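Counting along the sequence shown from 1, when you hit position 123 you're at 164 in my numbering, and nothing is skipped either side.
Yeah, the Cβ is synthetic: ideal placement off N, Cα and C, and Gly gets one too.
Just so it is clear, the structure is predicted and the values come from calculations on it, not from any experiment.
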Amino acid sequence: MQEIVEIGTGTNLAVETAGAGETVLLIQGMSGHGGMWGSALVDDLARDFEVVTYDHRGIGESARADDPFSIVDLADDAAGLLSALGRESAHVMGISMGGMVAQELALRAPDRVRSVTLGCTTPGGPGAFDAPGPVRMVEAIGTRDPEHATRVGFEVNVSAEFAARPGELDRFRATSLARRVPFPVVRQQSIACLEHDASGRLGGLHLPVAVVHGEEDQMILSAEGERLAELVPGAELHLWPGVGHLFWWERPAEAAEVVRGLAARATS
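Next up, the structure:
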């Protein structure tokens, strides 16, 4: 069940929790909302963890986001949410834009992050966003035609094999349209992503880190995942052939196992 949580950054966020145990905080990407993690991943993780999902500022039932914001601001939201929930630290999984948020959270508040899984994301900097998918997706959202935007969003976010599976487009449509995702907020998210560059600071991360990337990713090229793993000391790299941007949709059990294995490393 969703609840509205006031956090210390002057906003409030719509939050859901499932399971019990050490906390896993899941941070969604650009134009995503908490429901897009899907029950397959959340239920799997909830067997061993308390799983916290939320909608970014301006998304769903979270507070409006009329002013510009940065990836750092979103990282402060995540830290504020942990504090508001009374959680001193958490295992964190961030995907795409959420992976950038997770990087900043780990860099700014390393005592709050026990382990971090960085999925389908980038350290930022020149060339970070050379993939064709983001331009197609933003243009599609800009048409204000939900059906067209949903179809394009599906096509650029999954592998060709997954896109051909019966019923998956309908599931994606129902899930993505279930919550309010205003275009002005998505536009500001895209600006925040373009301004993100943690590449010169990631060598200072000294905690268990896993990088997961599908080799068919059209939103952020898998080379960015490889670059990210090279920049983080001791990072695990999981490159998955035949998988698109939404790797946790295509392989939820495997994604849960990466988080679970990394959490085990953090407590050993």
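Between VAL253 and GLY174, the C-beta spacing is not below 8 Å. In the DSSP assignment, HIS97 falls outside any beta strand (DSSP E) and carries neither an H nor an E. Rounded to the nearest angstrom, the gap between the Cα atoms of THR58 and ASP186 is 32 Å. The region 271-291 makes contact with the region 238-255: 3 or more CB pairs, one atom from each, lie closer than 8 Å. Of the residues assessed, MET138 falls on the buried side of the cut-off, its CB having 16 or more other CB atoms within 10 angstroms.
Taking every protein chain shown into account, the CB of PRO293 has 16 or more other CB atoms within 10 angstroms, so this residue is buried. Judged by their CB atoms, HIS132 and ILE100 are not nearer to each other than the 8 Å cut-off. In the DSSP annotation of this structure, the continuous segment of the beta strand (DSSP E) that includes LEU278 starts and ends at 277-281.
If you check the CB distance, SER263 and LEU280 come in under 8 Å. Cβ neighbours of ARG268 within its own chain (closer than 7 Å, five residues either side excluded): PRO164. Between the beta-carbon of ARG88 and that of GLY60 there is about 7 Å, and that keeps the pair under the 8 Å contact cut. When the alpha-carbon of SER72 is set against those of VAL284, PRO282, VAL222, the nearest one is in VAL222.
Contact between THR191 and PHE170 fails: their C-beta atoms lie close to 22 Å from each other, not under 8 Å.
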